[in-house]
Amino acid sequence: MSTGLRNQIGLGLLVAWLLASALGYWWYQARYLTTYHSPDSTQSKPDEVRARLEAGWQAVVEGQNLRKASATLVHFSMPGCPCSEASLQHLRSLYEKFRLSGLQIVQAADQFRDFPEPVNEQTRKIEMPNLWSEVKAVPAAALFAEDGRLIYFGPYSSGPSCGNGINFVDNELQQLYQQHNQQRTGNQLLPWINNLAFGCFCSTGQRT
-15 MSTGLRNQIG LGLLVAWLLA SALGYWWYQA RYLTTYHSPD STQSKPDEVR ARLEAGWQAV
45 VEGQNLRKAS ATLVHFSMPG CPCSEASLQH LRSLYEKFRL SGLQIVQAAD QFRDFPEPVN
105 EQTRKIEMPN LWSEVKAVPA AALFAEDGRL IYFGPYSSGP SCGNGINFVD NELQQLYQQH
165 NQQRTGNQLL PWINNLAFGC FCSTGQRT
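Using our numbering, the first residue of the sequence shown is number -15, and each one after it goes up by one.
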């Protein structure tokens, strides 16, 4: 085989690889990169959503005999969703960062009663239909304070994969534990129901 023919074959393979990569990224963008959808503000006011989430969480705490923690992060994901799979490493890094502050992570089964891969051996896996009814896309998180107050509900972060862009949950945890360390009780964090992120999300209305 001549050198010129080898070069042509190599160039052809490179072009084919670049085209395949471009098509794969285009498919990924078209299917998964979208605006996060929280409960429709035209149907539910934020206060109503917060009240339902807090009531649902209180029922979980009482029914499952969960230990009291300085903060509890409820993780919503679906097996088969590449966005959820990418969020697992980010979730583990959050746990390592805040576990000494008392962070507890609970994983919720989806509406099909499937459990995602565990974060670690200490993570509880619980069915939470009342909370899942408020989740429109995954990966998503609900962060509750020790007294059961909702601190945050929505996506973990913005960007094409979890942990890229703005880290919403990380920022809320830092603020919460900063309050704890400074023993501030008068200025509680206001609950934030976030529907402004753009990133990799799977709709809970369909399986992938």
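Where is the CB? At the ideal position from N, CA and C, for every residue including glycine.
Anyone know if the C-beta pair for residue i and residue j falls short of 8 Å?
i	j	result
SER187	PRO123	no
SER54	LEU17	no
LEU173	GLN159	yes
GLY138	ALA181	yes
VAL58	ALA125	yes
GLU32	ARG133	no
ARG108	VAL119	no
Can you look up residue i in the DSSP assignment and give me helix, strand or coil?
i	result
LEU174	coil
CYS65	coil
SER141	strand
LEU127	strand
VAL122	strand
LEU57	strand
ARG191	Unreliable placement is indicated for ARG191, whose pLDDT of 45 sits below 50; the coordinate value is still reported in the next sentence. The answer is coil: DSSP assigns ARG191 none of H, G, I, E or B.
PHE185	coil
ARG108	strand
TYR20	coil
LEU180	coil
Label residue i either buried or exposed according to how many other C-beta atoms from any shown protein chain fall within 10 Å of its C-beta, with 16 as the threshold for buried.
i	result
ARG34	buried
GLU80	exposed
GLN42	exposed
GLU46	exposed
Among the options, which has the Cα closest to the Cα of residue i?
i	options	result
MET62	GLU111, ASN151, ASN155 and TYR136	GLU111
HIS74	ILE150, GLN163, GLY189 and ASN179	ILE150
ILE135	TRP176, SER142, PHE185 and HIS164	TRP176
CYS184	THR56, LEU84 and SER142	SER142
ASN178	VAL44, VAL153 and SER77	VAL153
LEU157	PHE82, SER117, GLY189 and PRO113	PHE82
ARG36	GLY189, PRO113, GLN163 and ASN155	PRO113
Could you round the C-beta distance between residue i and residue j to whole angstroms and report it? I think they count as a contact, below 8 Å.
i	j	result
GLY40	LEU115	5 Å
LYS52	GLU130	6 Å
TYR20	SER71	Incorrect: roughly 13 Å between the Cβ atoms, too far for contact.
TYR161	SER77	The pair is not a contact, with the Cβ atoms about 16 Å apart (cut-off 8 Å).
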